[in-house]
Amino acid sequence: MLKLIFMGTPEFAVPTLLELVGQGHEIVACYTREPAPGGRGMALRPSPVHTQADALGIPVFHPKSLKSDEEKDRFAALEADAAVVVAYGMILPKAVLAAPEHGCYNLHASLLPRWRGAAPINRAIMEGDAETGVMVMKMEAGLDTGPVAMAEKLTISETMTAQDAHDRLARLGADLMARAMAALSRGSLTLTEQPEEGVTYAQKIDKAEARIDWGRPAGEVLRHIHGLSPFPGAWTEATIGGKTERLKVLRVAPAEGEGAAGALLDGHRIGCSQGALTLVEVQRAGKKPMEMAAFLNGSGLEPGDVLG
0 MLKLIFMGTP EFAVPTLLEL VGQGHEIVAC YTREPAPGGR GMALRPSPVH
50 TQADALGIPV FHPKSLKSDE EKDRFAALEA DAAVVVAYGM ILPKAVLAAP
100 EHGCYNLHAS LLPRWRGAAP INRAIMEGDA ETGVMVMKME AGLDTGPVAM
150 AEKLTISETM TAQDAHDRLA RLGADLMARA MAALSRGSLT LTEQPEEGVT
200 YAQKIDKAEA RIDWGRPAGE VLRHIHGLSP FPGAWTEATI GGKTERLKVL
250 RVAPAEGEGA AGALLDGHRI GCSQGALTLV EVQRAGKKPM EMAAFLNGSG
300 LEPGDVLG
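Residue numbers (numbering that gives the first Met the number 0): 0 to 307.
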């Protein structure tokens, strides 16, 4: 078994932490982002990894940066065999990368070298990739450029949202990283350099991308909606009760028929430049997500109304 430092922040990282603990590795510390304000009262909330580490009795550190000599020394003093990094959200200086005896290993949610960067799950769905996956990569100074050890693939169906893929990949990734660390402990982990061909970058999602363009073909609109669901959420405008408001569209499905772009064909179907989609799940501002049928009951929307 290994002496590990775990570095992660969101819910995506929690299954990996639990799997490593369950496999018997010693987690000497968890590094995560500092508590952030949230909720109605904007009270400081610890990250999901912070909360889980506290429950497991693991020491937690949340420095604002790892660049200072003090933080580098504290990290090195832990004398870890390796560090496991899962969506930590902070760049690791070279001194930190070099501190563990066997280096730092990142769980990345794409099939590298495709979709290096911040939003690989979203971009894979939005671009219509047939599959995505998770890979274990030994970290180096470049952005997701290190050699890879293992991979698990996931088929992207037309019904899959970013949240669906996130949840599946979190589970696959936890098992994958546990297998990688088991191999590392035996001295049998094999690393392969990434190919130079096929490199793409998953830029961070900009909220300006979120408005739905019903003037695109139905397949492209579906991938745009599902790739941004549930956050930040693709949105359109609808006139409800005489007022125009934003309406997030969280899930759609292919539909028969055609009509003007953005026009409701019957309560549930909406026209695109080519083809149509069925609106399955939506969310009004400040409200919980709801099925389209429930939303229509009080919306006043009728066939022929245009969303835009």
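Don't be surprised by glycine CBs; every beta carbon is placed ideally from N, CA and C.
Practice problem: Let me know if N105 comes out buried or exposed under the rule of 16 or more other beta-carbons within 10 Å of its beta-carbon. | Solution: Buried is the call here.
Quiz prompt | Residue range of the beta strand (DSSP E) that includes T154 | solution = 147-154 is the span of the beta strand (DSSP E), which, as asked, contains T154.
Exercise. Counting only the same chain and skipping the five closest in sequence on each side, list residues whose C-beta sits under 8 Å from that of P99.
Key: So the qualifying residues of the chain are I4, A79, D80, A81, A82.
Quiz prompt | Beta-carbon separation (whole angstroms), L171 vs V220, contact threshold 8 Å | solution = About 28 Å; that fails the 8 Å criterion.
Quiz prompt | Beta-carbon contacts of L110 that lie in its chain and below 8 Å, excluding the five residues immediately before and after | solution = Excluding sequence neighbours, L110 sits near E130, T131, G132, M134, A150, K152.
Quiz item: What span of residues does the beta strand (DSSP E) with M134 cover, start to end?
Solution: Taken as a continuous stretch (DSSP letters only), the beta strand (DSSP E) holding M134 covers 130-137.
Quiz item: So the beta strand (DSSP E) T243 belongs to, where does it begin and stop?
Solution: 242-254 is the span of the beta strand (DSSP E), which, as asked, contains T243.
Quiz prompt | Own chain residues within Cβ distance below 6 Å of A52, not counting five before or after | solution = So the list reads C29, V59, once near-sequence residues are dropped.
Exercise. Along the alpha helix (DSSP H) that carries R113, what are the first and last residues, could you check?
Key: Run containing R113: none; DSSP gives neither H nor E here.
Quiz item: With 16 as the cutoff for other CB atoms within 10 Å, does E18 come out buried or exposed?
Solution: Classified as buried, E18 has 16 or more neighbouring CB atoms from the shown chains inside 10 Å of its CB.
Exercise. Look at the Cβ atom of A97, then the Cβ atom of K203, and state whether they are nearer than 7 Å.
Key: Going by C-beta atoms, A97 is not nearer than 7 Å to K203.
Quiz prompt | Proximity to D163 [Cα-Cα], best of E69, D72, I124, K93 | solution = Answer by Cα proximity: I124.
Exercise. Taking the CB atoms as reference points, tell me whether S184 and L55 lie closer together than 7 Å.
Key: Contact flag unset, no.
Exercise. Could you tell me whether the Cβ atoms of G7 and Y87 are closer together than 7 Å?
Key: A Cβ-Cβ contact shorter than 7 Å links G7 with Y87.
Quiz prompt | According to DSSP, residues forming a beta bridge with Q282 | solution = Paired residues: K247.
Exercise. Using only the heavy atoms of the ligand HEM, determine whether one of them is closer than 6 Å to the beta carbon of E130.
Key: Judged by which ligands are present, the structure shown has none, so any question about the ligand HEM falls away.
Quiz prompt | Delimiting residues of the beta strand (DSSP E) encompassing L1 | solution = Per DSSP, L1 is not a residue of any beta strand (DSSP E), being assigned neither H nor E.
Exercise. Would you mind working out which of A259, V27, D265 sits nearest L300, comparing C-alpha positions?
Key: Shortest Cα-Cα distance from L300 to any of A259, V27, D265 involves D265.
Quiz prompt | Outcome for A284 when other beta-carbon atoms lying within 10 angstroms are tallied against a minimum of 16 | solution = So A284 ends up on the exposed side.
Quiz item: Across which residues does DSSP place R210 in a beta bridge pair?
Solution: For R210, DSSP records a beta bridge to W234.
Quiz prompt | M41, DSSP secondary structure in three states | solution = M41: coil per DSSP, three-state reduction.
Self-check item: Length of the line joining the Cα atoms of M89 and D143
Solution: Near 13 Å, if we compare the C-alpha coordinates of D143 and M89.
Quiz item: Relative to the alpha-carbon of A259, which residue among R210, V198, V305, H267 has its alpha-carbon at the smallest distance?
Solution: Out of R210, V198, V305, H267, V305 has the C-alpha closest to the C-alpha of A259.
Practice problem: Pick helix, strand or coil for A35, following the three-state DSSP scheme. | Solution: If DSSP states are grouped into helix, strand and coil, A35 belongs with the strands.
Quiz item: By Cβ distance, which residues of its chain are closer than 7 Å to S228, with the 5 residues on each side in sequence left out?
Solution: The residues are T160, A161, Q162, L249, R250.
Quiz item: Under the three-state reduction of DSSP, which class applies to E269: helix, strand or coil?
Solution: A small correction: the amino acid at residue 269 is Ile; Glu does not occupy that position in the sequence shown. Residue state, collapsed to three classes: strand.
Practice problem: Pick helix, strand or coil for E301, following the three-state DSSP scheme. | Solution: Three-state DSSP puts E301 in coil, outside helix and strand.
Exercise. Under 8 Å Cβ to Cβ from P352, same chain only, skipping five residues before and after it: list those, please.
Key: A question about residue 352 goes unanswered here, because the residues of the chain that appear run from 0 up to 307.
Quiz item: From this set, K93, R44, W114, which residue's C-alpha is nearest T199's C-alpha?
Solution: If we check each option's Cα against that of T199, W114 comes out closest.
Exercise. Starting from the Cα of E192, find the closest Cα among I57, M138, P92 and give me that residue.
Key: In terms of Cα proximity to E192, the closest of I57, M138, P92 is M138.
Quiz prompt | Nearest residue (CA-CA) to E280, options L190, P45, I155, L246 | solution = Nearest of L190, P45, I155, L246 to E280, Cα basis: L246.
Practice problem: List the whole-angstrom C-beta distance separating G307 from W234, where the pair is believed to meet the contact cut-off of C-beta under 8 Å. | Solution: Contact between G307 and W234 is ruled out by a C-beta separation of about 11 Å, above the 8 Å threshold.
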